[in-house]
DNA sequence: CATGAATGAGTCTTCATTCAT
DNA sequence: GATGAATGAAGACTCATTCAT
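Residue numbers (the working numbering), protein chains in the order written: chain A, 1 to 186; chain B, 1001 to 1186; chain C, 2001 to 2186; chain D, 3001 to 3186.
Written as structure tokens, this is what we have:
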């Protein structure tokens, strides 16, 4: 049971351990304990495999980001939940988090894949921003820029933690979320 | 004179156009219009070539970041200059900017190279943060975290612009710098 | 079945025809009618391939040298059998014989490979010499020198024949063996 | 002084230190402290250079072998002088001795070069054998075979010494010469 | 004469992909 | 479905040779 998943798991592990460019199918199938042919039964090429892993990670993260989120919360509550979820996702699932970050900006990624909105989380962030701007809570800056800004803070800070630059506990998490809120607050 | 530079320029161009992993020496030397042997006369391996390009870019950016900077400015002036310079560097030299961002977090980079402080700009940022925290202008958060935070905003926002997510003119630049200041302001 | 052996055979043929230094994998795999990848499925590098061919040749020769040999023969009978076998091996298997001679003295060979005693034939020669010296049949000279001496005669003479310097039939074989015996006889 | 000789000396040194196949012109000209162009001013190709080094070594050895030799000595005296000289040449000039041995049996050597009789030493050995056979001192075996036999003993034994298999002083030298004489003595 | 930058054919090696079993 | 032997295009790197100065 689960050869397909074994292959994807092994791929993500290898990306995390050795980096995307040094992942070879030979390593993947050795780690996943499957044969050459099996791999190609499930994924028609290496590229497809990588893209599937990315897609799965995006869906996984997308769902995670939407935890505790609902339409009826205040803007600030939405903001806090989305940012907290994003941080926690990075802390709990660093492999997926870093791979998404890396691959999203790689020239190899198909545009359609990069832009797809898993679980509607991108849309949630956008509408939270628009709502905040309408009510005067959030500064009137280009919503995409605003999105990139608060998103970028989280990724940068979590990435810095993951390569061991500094401690990152509850205190730092609060500070980071507050900083990102101040950054865009009216 | 100039073959060495031709090779490095061609390399950086190719990294920008096709991504680090799809840079092959064959493409580089074709673009630089030199022969195989020539490449190896100047760089003992492909790895060395990439590292040299990175180093040169870091030095270039380091010097750029220090423009108009001096010890006697106020904390806020220092902050503004360093952040503005970083943005402008990204806008004027996107190839170097993106490559530095990419390679700095790649598993291929030698640690010594990643951590070297070209032109003292890293140090300038650090001491600006410490000075601001001492005078109560900047929040008391881990200085490395603070550094990563304001650095990350710029990189994220410029990177977003460079892949055409939104317009990015004087207004947006001001907004970004202000946002990054608010993020860490006491 | 037999790709591995095809590759080794082609390698030995090429070494014999063109010399060790002009053996390229391209020639080997063309002669063996296999693809590039196949070669590396069986031998992790060219060096390993050469060493395997050497090892196989040494084992082959080692077994051949021990034909008709047993512990209970007289010293002279042992001597005659070992020397005759060595000559016949050279005549029947010139490719292996010359390659062993060549590679054994090459700086490329790993010491462990050079010194391994395939089929115990080296040991057999040594103990034959020691036994002969104890019974007074063979002169009291350093056993390794003695070994090198009688071994060297055979190799030199067979090698001379193989590059067509003179006829080499039963008569010459007898003369050579007798000469090598007289050389060390008390 | 003598760029040409510097190059040849460096070549022979390198052959001795690293083996014929790992000698590159780059190493030679670095060791000889000359430029690329200089090398090609004196030797039109690498092959020519190697052949010149071989030729020079052969002439050197040829002259050495003829030391103390003259037509009027007895057969045994001639034999002893020629064999002793050959051993001493090996001991005093191992680089040339081993290279000659190696290259003479390499498939790369031009036949004309292999067969040329520097200083007439080959001829001296041949006529010594013929004279000895005529007077009944030496066995009636093919003169070329006989030549190869006594030549081969020396090379094998000296080569064995040079790679440190056993001590080789006056005693062993005498034993070796005597052994080679017994081998062909009537 | 002496030099060394420039060259590219040739070498080993990697790795995604195919296909017969 | 599962397997892995066979493959060859494409990669980095070497090194003898040329030629302008």
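Think of the CB as a built atom: it goes at the ideal place given N, C-alpha and C, for glycine as much as any other residue.
None of the values given here were measured: they were computed from a predicted structure.
Quick one: residues in its chain with C-beta nearer than 6 Å to the C-beta of residue i, no 5 flanking neighbours on either side, listed in chain order?
i: residue 3090/D; result: 3097, 3158
i: residue 1164/B; result: none
Inspect the beta-carbon positions of residue i and residue j and report whether they are closer than 7 Å.
i: residue 3083/D; j: residue 3177/D; result: yes
i: residue 1162/B; j: residue 1094/B; result: yes
i: residue 2065/C; j: residue 2085/C; result: yes
i: residue 2062/C; j: residue 2118/C; result: yes
i: residue 1021/B; j: residue 185/A; result: no
i: residue 2057/C; j: residue 2100/C; result: yes
i: residue 2183/C; j: residue 3183/D; result: yes
Using the C-alpha atoms, what's the distance from residue j back to residue i?
i: residue 2147/C; j: residue 3116/D; result: 31 Å
i: residue 1025/B; j: residue 129/A; result: 46 Å
i: residue 3005/D; j: residue 3045/D; result: 16 Å
i: residue 1048/B; j: residue 12/A; result: 28 Å
i: residue 2113/C; j: residue 2123/C; result: 16 Å
i: residue 1166/B; j: residue 1043/B; result: 39 Å
i: residue 73/A; j: residue 1160/B; result: 28 Å
i: residue 3179/D; j: residue 2138/C; result: 11 Å
i: residue 2134/C; j: residue 3055/D; result: 46 Å
i: residue 2175/C; j: residue 2075/C; result: 19 Å
Based on Cα-Cα distance, which residue from the options lies nearest to residue i?
i: residue 140/A; options: 1128/B, 1184/B, 1106/B, 1171/B; result: 1171/B
i: residue 2053/C; options: 2016/C, 2088/C, 2033/C, 2085/C; result: 2016/C
i: residue 2002/C; options: 2182/C, 2024/C, 2041/C; result: 2041/C
i: residue 2142/C; options: 2155/C, 2071/C, 2127/C; result: 2127/C
i: residue 1092/B; options: 1182/B, 1168/B, 1183/B; result: 1168/B
i: residue 3102/D; options: 3165/D, 3010/D, 3051/D, 3081/D; result: 3051/D
i: residue 3125/D; options: 3031/D, 3135/D, 3144/D, 3183/D; result: 3144/D
i: residue 967/B; options: 10/A, 76/A, 77/A, 105/A; result: Nothing about residue 967/B can be reported from this structure: the residues present for chain B run from 1001 to 1186 only.
i: residue 120/A; options: 137/A, 71/A, 179/A, 9/A; result: 71/A
For residue i, count the other beta carbons within 10 Å of its own beta carbon; 16 or more makes it buried, fewer makes it exposed. Which is it?
i: residue 2132/C; result: buried
i: residue 1033/B; result: exposed
i: residue 2067/C; result: exposed
i: residue 2152/C; result: buried
i: residue 155/A; result: buried
i: residue 136/A; result: exposed
i: residue 81/A; result: buried
i: residue 2059/C; result: exposed
Keeping to the same chain, check which residues put their C-beta closer than 8 Å to that of residue i; ignore five residues upstream and five downstream.
i: residue 1038/B; result: 1003, 1007, 1029
Considering only residues of the same chain and omitting the five flanking positions on each side of residue i, which have a CB-CB separation below 7 Å?
i: residue 2181/C; result: 2079
i: residue 2036/C; result: 2029
i: residue 3014/D; result: 3023, 3027, 3028, 3031
i: residue 69/A; result: 78, 81, 82, 124
i: residue 2149/C; result: 2183, 2184
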